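This report concerns only the one structure given below.
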Amino acid sequence: MEKLVRPMLVAGSVVLFVFGTAASAQVTVGTANTDNCFPFSCAASGFNQYQQVYGSAAFSGPLTIGSLSFFRNDATTAPGGTFASGTYNIFLSTTSKPVGGLDATFANNVTSPLVFFASLVISAGSGQVPTFTITGTPFSYNPAAGNLLLDVMYSNANGAGYFFRAENLAPGSVSRVFGGGATGNSDEIGLVTRFEPAVITATPEPASIVLTATGLVAFLTVMHRRKRSAA
């Protein structure tokens, strides 16, 4: 019986090695000591862009980001508070700009090309959730390349009384610039954000498929020979 088990374990190990990938741990950046509603709950005439920088020191190593989460501030969010309905296009990148040092001109903060992450449409009356999660196209972030930049381009209408947990520290781990047109208002505030690793399933290479198939054939051959010997 022991000899029959071994080929099965070897074949199974090959399959797990080919298809399984280890995920990095989630990272939450920001210390909640205030609240804010931009960009997903507040709207102001002419405002259509939001950028937030996250200090690279908050990340222990490279992370392939699969989702972003923001958190309701229960102390200030009104009962029935809603998001600002509209369309939001979300991008990620790295930037050489420091936390607390974003330029008022949005384009000056984009020191590496923006990479599309997600697009979402929020309908009127949406809200009522303690955690607002956006899942997008996996983005590979390496802290060695610079700070992480979130860029949200949007068109929305006012929400009602929904506030997110935010940080307002100097020095802190996040900061932002928000407004409309080419320039905005920069300050030390930023939304507390949780980054979840993407779940990636690797596509097996041809050589790996052959290796897996070879192990399976070997197992079936052993089974066939044992059946003939028992006959």
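Counting in my numbering, the sequence shown runs from 668 upward without gaps.
We put the beta carbon where it would ideally sit given N, CA and C, even for glycine.
The structure displayed is predicted, hence computed values, not measured ones.
Helix or strand or just coil, what does DSSP make of P729?
On the sequence shown, residue 729 is found 62 positions in, with the first residue counted as 1. In the structure shown, P729 adopts coil according to DSSP, grouped into three states.
Starting from D854 and walking both ways along the beta strand (DSSP E), at which residues does that stretch end?
Start at 1 with the first residue of the sequence shown, and residue 854 comes out as number 187. Boundaries of the beta strand (DSSP E) harbouring D854: T850 to D854, taken from the DSSP string.
Are the segment 805-824 and the segment 713-732 in contact at 8 Å, needing three or more beta carbon pairs?
The count of Cβ pairs closer than 8 Å, one atom from the segment 805-824 and one from the segment 713-732, reaches three, so the stretches are in contact.
For A771, tell me which candidate among T695, I757, A849 and C704 has the shortest Cα-Cα distance.
Start at 1 with the first residue of the sequence shown, and residue 771 comes out as number 104. By alpha-carbon distance to A771, the top candidate from T695, I757, A849 and C704 is A849.
Tell me the rounded alpha-carbon separation between E855 and P765.
In the sequence shown, residue 855 corresponds to position 188, counting from 1. In the sequence shown, residue 765 corresponds to position 98, counting from 1. Taken atom to atom, the span from the alpha-carbon of E855 to that of P765 is near 11 Å.
Terminal residues of the beta strand (DSSP E) in which L787 lies
Taking the sequence shown and counting its residues from 1, one reaches residue 787 at position 120. If you look at L787, you'll find it in the beta strand (DSSP E) that goes V782 to I789.
Say whether the segment 746-755 touches the segment 723-737, bearing in mind that this needs 3 or more beta-carbon pairs closer than 8 Å, one atom from each stretch.
At 8 Å Cβ cutoff, the stretches do not touch.
Alpha carbon of L817 to alpha carbon of G846, nearest angstrom
Locating residue 817 in the sequence shown gives position 150, where the first residue counts as 1. Locating residue 846 in the sequence shown gives position 179, where the first residue counts as 1. Between the alpha carbons of L817 and G846 lies a distance of about 14 Å.
Terminal residues of the continuous beta strand (DSSP E) containing T778?
For the purposes of this step, residue 778 is taken as the residue at position 111 of the sequence shown. Careful: T778 lies outside any beta strand (DSSP E) and carries neither H nor E.
Quick check on Q719: buried or exposed, where buried means 16 or more other Cβ atoms within 10 Å of its Cβ?
Looking up residue 719 in the sequence shown gives position 52. Under this definition Q719 is a buried residue.
My understanding is that T744 touches F830, with C-beta atoms under 8 Å, so please give their C-beta distance in whole angstroms.
Counting from one through the sequence shown, the residue named residue 744 turns up at place 77. Counting from one through the sequence shown, the residue named residue 830 turns up at place 163. Contact flag correct, Cβ pair sits at about 5 Å.
Which whole-angstrom value describes the C-beta separation of V859 and A837, a residue pair presumed to lie in contact below a C-beta threshold of 8 Å?
In the sequence shown, the residue the question calls residue 859 occupies position 192. In the sequence shown, the residue the question calls residue 837 occupies position 170. 16 Å between Cβ atoms; not a contact.
Taking the alpha carbon of N775 as the point to measure from, which residue in G697, S786, Q795 and G851 has its own alpha carbon closest?
Along the sequence shown, one-based indexing puts residue 775 at 108. Residue G851 is the option with its Cα nearest to N775.
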